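So the sequences go chain by chain: A and B. For what it's worth, the working numbering labels the leading residue of the first sequence as 17, then goes sequentially. For what it's worth, the working numbering labels the leading residue of the second sequence as 85, then goes sequentially. All remarks here apply to the structure that follows.
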Amino acid sequence: MTARSFPLIAILFGLTISVLIVPLSGNDTAIRVGATLSLTGDYAEPSEMMYRAYRLWESQINSRGGLLGRRVELIIRDDRSDPFIAAEEYRKMIDDEGIELVLSPYSTPITAAVSEITEKRSMPMIAAGASGDILWDRGFDYLFGMYSMAHSYFIGFIDLFAREGLNGISIFYEDNAFNRDAAAGSLEWAVKMGVDVLGSRIISSDSAVIADAVAAYTARPGDGIIICAYPDAAYGILAQLEEKGVRPRAVAITIIPVHPDFSLKAGSAAEGVFGPSQWEPMERIPFPGTREFIRDFTAYTGKAPSYHAGSAYSACQIISQAVTAVGRVDRQAIRNYISDLDTVTVIGHFKNDRQGRQVGHTPLLIQWQNGRKEIVYPRSMKTADPVF
Amino acid sequence: MNTLSRRGALPLIILILGVLVIAGTIATIVFLQLLTPPLWDYFDQRNRTSLELATQLAIEECESGLDTLLRLRLSDEPSMVETIRKDALLRIGEIAENFTHLSLVIVNDRNELLIDPGPENVNPSMFFDLPRKMPERALAPSEEPGALMHWRYFPFFRWHLIAYRSSGDVQAPVKMARKVVVSSMLCTILVLLGTLLLVFNYYIQHPLKQVIKAAEGVPDGVMEPLPVLRNDELGRLTITFNTMINSLGEKQKLIQKSVEEMQKSLHEKEILLQEVHHRVRNNLNVIISLLNLRSQTLTTKEDAVQAFVESTNRIRSMAMIHGQLYETKDFANVRVDQFIGSLIGDLRLAYAVGEGIRIETALDDLTLDIVRSVPLGLIVNECLSNALRHAYGVDDTGTIRVFLKNAVGEGILELVIEDDGRGITEKHGKKRGLGMLLIHELSTQIGGTLEIDGSRGTRIILRIPL
């Protein structure tokens with residue numbers, strides 16, 4: 017190195033340092049968005065879908081220049097399907113780590129626990145993986161529903177069941193907020209539709225409990241069974257029904273039938289099973305961006321999205337829209353914006369009532385027919401007639 | 085013939101019409117037999133589809149009501165549910181009004197008719213206690229086998245939404261279609277018949293009538309050719325007819341001409357016959373007169389012989405004229421030049437004229453009527469006989485010249501007979517001979533003028549006005 021070359025090297029070094037430093041400096045710090053998901057535990061299957069959707073949104077929003085010109089940094093932690101862990105993680109992220117926005121966890125129990133934290137901190141949260149009625153009975157101002165109500169999950173199924181002239185239905189449910197609401201709604205709508213309810217029984221993932229439930233049904237069989245349960249219990253009772261050769265005319269289950277791998281996991285027992293769905297990745301569903309979302313999600317994850325993924329992605333869309341509209345990360349302003357919002361996401365209409373209940377969205381009823389999901393209700397969106 | 089021909093066309097037309105009507109009727113029956121099943125299927129499908137559509141629309145109204153209740157979270161509010169239910173009833177009633185010949189009936193679980201089927205003769209019991217399950221396709225109720233019914237059950241309202249079409253309304257479109265088909269076929273047949281009649285009249289009957297009319301005119305002598313308008317059988321018939329009447333016309337003209345000729349000939353013959361009788365009488369009178377005259381001059385036996393010869397020649401010349409008349413078939417006129425030529429030859433033979441006497445002739449073609457031909461012939465006979473007998477001695481040589489000139493421009497026939505013999509003595513020139521007497525008398529008879537010069541031979545010139 018000579019004395020003459022030193023200034024040139026110094027200039028080049030300086031330029032290199034400045035290029036490396038500039039993106040990390042100034043007020044362009046990332047908007048940190050926090051969430052927990054049940055990456056392990058009972059809710060791992062639907063949570064996985066939500067996780068992939070959150071990550072897809074993060075990737076896309078940053079590739080487009082972030083929010084308000086700031087990069088989005090998404091922090092997702094595993095709540096192990098435990099409401100207490102989830103609530104603690106949210107508290108830490110908001111109070112200690114200074115995250116500016118949150119996305120919701122999965123399941124009604126966890127969302128109920130987490131919303132206690134977010135509500136007290138005036139942190140708006142869109143419940144992208146919960147629909148239990150309990151969430152909306154507390155008068156919270158910062159919690160908004162994405163799903164239609166759990167209470168109404170089986171209206172379509174009972175309607176079709178009754179129209180088919182079938183009668184006699186048994187309801188099995190797990191004793192948690194979401195499934196209780198779904199079961200209660202089923203019971204109520206069965207009465208409204210003139211369908212006799214032969215029995216209502218609590219179940220769990222315990223095989224003995226499931227066996228008792230199957231035995232009870234066998235003792236007084238009807239034309240249908242409604243199972244309101246998370247995946248472990250739901251797969252458990254489905255397996256025992258299959259094992260004992262009990263094949264009701266109609267079986268409807270929460271959550272698991274909407275997963276793309278349901279047919280693989282349940283085997284032949286999957287055929288004919290109905291399930292309530294918030295959305296299905298079928299391109300005939302004519303919402304803006306639906307087709308692109310299905311394409312991008314499939315390319316990003318290698319799997320077709322479930323409604324859990326669609327709902328999670330829609331929640332991200334609404335957060336983005338709210339922040340962009342407000343022009344700053346202002347929790348109160350964002351909350352007010354979402355409260356008044358009446359829009360359409362990739363899974364459909366979004367509008368909340370005063371309690372934050374989702375009233376714009378229309379739920380679907382799917383049925384597995386010949387190894388694939390078909391929408392059978394409502395009629396305006398159906399891809400196939402129901403088969404009983 | 086006319087009546088027969090007209091009667092001949094009518095059965096043909098009636099036969100064609102009859103065949104068409106029978107064929108059309110058979111075609112209609114066959115067509116209806118073939119058409120009715122698919123027609124029935126088509127309208128049955130339409131009936132069923134419209135019934136299913138009606139129930140579909142009705143249940144959509146119910147679904148819409150339920151959707152409203154769910155969105156507003158009012159499904160637990162009996163008053164709101166009732167309001168929505170009534171609204172659905174009204175809307176379904178409006179839907180029913182948009183369907184013709186179809187009733188939308190709503191029956192609740194207590195078998196109460198919430199919307200009346202309409203027609204009084206409908207048995208409402210067919211709408212009661214229906215299964216909840218929707219039939220795959222509209223079906224016929226046992227209470228009214230010809231009718232069609234389709235329903236859907238809406239559990240939230242506990243309603244059976246029933247679309248009903250009576251048997252009469254179900255069958256009406258098929259009956260109407262059959263009527264339309266039959267009417268169409270009949271109209272088609274009538275139009276075909278009318279067209280056929282028009283075509284038959286235009287292309288066959290009308291041209292045939294023209295031919296018949298023209299043919300009927302033929303006996304009356306009307307032979308107008310018909311216009312040939314087409315190149316078909318009738319056209320060829322017209323051409324044949326035209327050819328026939330043209331031929332008939334030609335023949336008629338020929339016949340007319342022949343008749344005229346025959347009439348002319350007959351007239352000529354009648355005149356000729358009269359003339360012949362007249363001539364015969366005249367000729368006989370002439371002969372008698374000649375013989376009488378000649379007989380007065382007979383003194384010797386030689387005179388008598390000579391008189392016979394002369395008389396024979398005179399009669400020959402007369403006979404020659406009649407012979408020519410006979411040969412030429414023209415009994416009124418005589419070719420004088422030919423007659424004179426023949427007469428010369430006969431006289432030459434009759435008088436045994438030797439080789440020393442030459443007779444030269446220069447005779448123009450000339451025809452003269454028989455009235456003047458006979459006297460002219462006698463004149464020539466007398467002149468030539470005189471020349472042959474008296475102009476030359478036995479061994480003399482000489483030339484007798486006979487000229488017949490047709491001075492047409494002047495209207496005069498000029499006959500010159502001259503010889504280079506002894507000439508005429510004073511005695512002969514003063515008409516003392518019977519021959520000269522005849523020449524003079526006959527010339528006067530036919531209005532001719534006679535010049536006789538006997539100074540150097542004999543030259544007789546006779547001019548007769550034509």
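Using N, Cα and C, we set each Cβ at its ideal position, and we do this for glycine too. Because the structure is a prediction, the values reported are computed rather than measured.
Which of helix, strand or coil does DSSP assign to residue i?
i        : result
Glu89/A  : strand
Gly364/A : strand
Ile115/A : coil
Arg71/A  : helix
Leu381/A : strand
Ile530/B : coil
His244/B : strand
Tyr353/A : helix
Gln295/A : Per the sequence shown, the amino acid found at residue 295/A is Trp instead of Gln. Correct three-state label for Trp295/A: coil.
His185/B : coil
Leu550/B : coil
Met307/B : coil
Ile508/B : coil
Arg249/B : strand
Lys385/B : helix
Phe127/B : helix
Gln374/A : strand
Name the chain A residues that come within less than 8 Å of residue i, Cβ to Cβ?
i        : result
Arg132/B : Here the premise fails: no neighbours, minimum Cβ distance about 17 Å.
Tyr237/B : Ala178, Arg179 and Gly181
Would residue i pass as an interface residue toward chain A - the criterion being a Cβ-Cβ separation below 8 Å?
i        : result
Glu181/B : no
Pro219/B : no
Asp213/B : no
Asp193/B : yes
Arg175/B : no
Using a cut-off of 9 Å between C-beta atoms, extract the partners of residue i located in chain B.
i        : result
Ser322/A : What Ser322/A touches in chain B: nothing, since even the nearest Cβ is about 23 Å away.
Arg395/A : Gln140, Ile143, Glu144 and Glu147
Pro171/A : It should be pointed out that residue 171/A corresponds to Ile in this sequence rather than to Pro. Here the neighbours are Leu150, Leu154, Ser159 and Phe240.
Asp175/A : Glu147, Leu150, Phe238, Pro239 and Phe240
Could you name the residues of the same chain whose beta carbon sits closer than 8 Å to that of residue i, not counting the 5 residues immediately before and after it, in chain order?
i        : result
Gly42/A  : Low local confidence applies: a pLDDT of 39 at Gly42/A is under 50, so the model's placement there is unreliable, and no value is given.
Glu334/B : none
Ile405/B : Val418, Phe423, Ile454, Ser457, Val458 and Gly461
Asp387/B : Thr381
Ile100/B : Leu280 and Phe284
Give the interface partners of residue i over in chain B, defined as CB-CB distance under 8 Å, in chain order.
i        : result
Lys208/A : Ser159, Pro239 and Phe240
Please indicate yes or no: does the CB of residue i lie closer than 7 Å to some heavy atom of the ligand ATP?
i        : result
Lys367/A : The model on display carries no ligand, and the ligand ATP is accordingly not part of it.
Shorter than 8 Å from the beta carbon of residue i to some beta carbon of chain B?
i        : result
Val375/A : yes
Ile334/A : no
Ser220/A : no
Ile37/A  : Here the model assigns Ile37/A a pLDDT of 41, short of 50, so the residue's position is not dependable, and the following value carries that caveat. No, its Cβ sits nowhere closer than 8 Å to a Cβ of chain B.
Between which residues of its own chain and residue i is the CB-CB distance below 7 Å, once the five residues before and five after are set aside?
i        : result
Gly495/B : Pro549 and Leu550
Gly210/A : Ala178
Leu375/B : Ser395
Lys319/A : Pro276
Gly201/A : Ala166, His167, Ser168, Tyr169 and Phe170
Using a Cβ cut-off of 9 Å, pull out every chain A residue sitting near residue i, in sequence order please.
i        : result
Arg216/B : Ala178, Arg179, Glu180, Gly181, Leu182, Asn183 and Gly210
Which residues in chain B have a C-beta closer than 7 Å to the C-beta of residue i? List them in chain order.
i        : result
Asp149/A : The premise fails here: Asp149/A is roughly 11 Å from chain B at the closest Cβ pair, so nothing lies under 7 Å.
Ser168/A : Leu154
Look up residue i in the DSSP assignment and give the residues it is bridged to.
i        : result
Glu317/B : Note: Glu317/B sits in no beta bridge, so no partner.
Gly184/A : For Gly184/A, which the question treats as bridged, DSSP gives no partner whatsoever.
Ser216/A : Ile187/A
Tyr393/A : Leu381/A
Cys244/A : Tyr189/A
Ala143/A : Gly161/A
Trp235/B : Ile246/B
Leu57/B  : Any property of residue 57/B remains undetermined from this structure, which presents chain B solely from 85 to 550.
Please list, in chain order, all residues of the same chain as residue i whose beta carbon is under 6 Å from its beta carbon, the five residues on each side excluded.
i        : result
Asn192/A : Pro125
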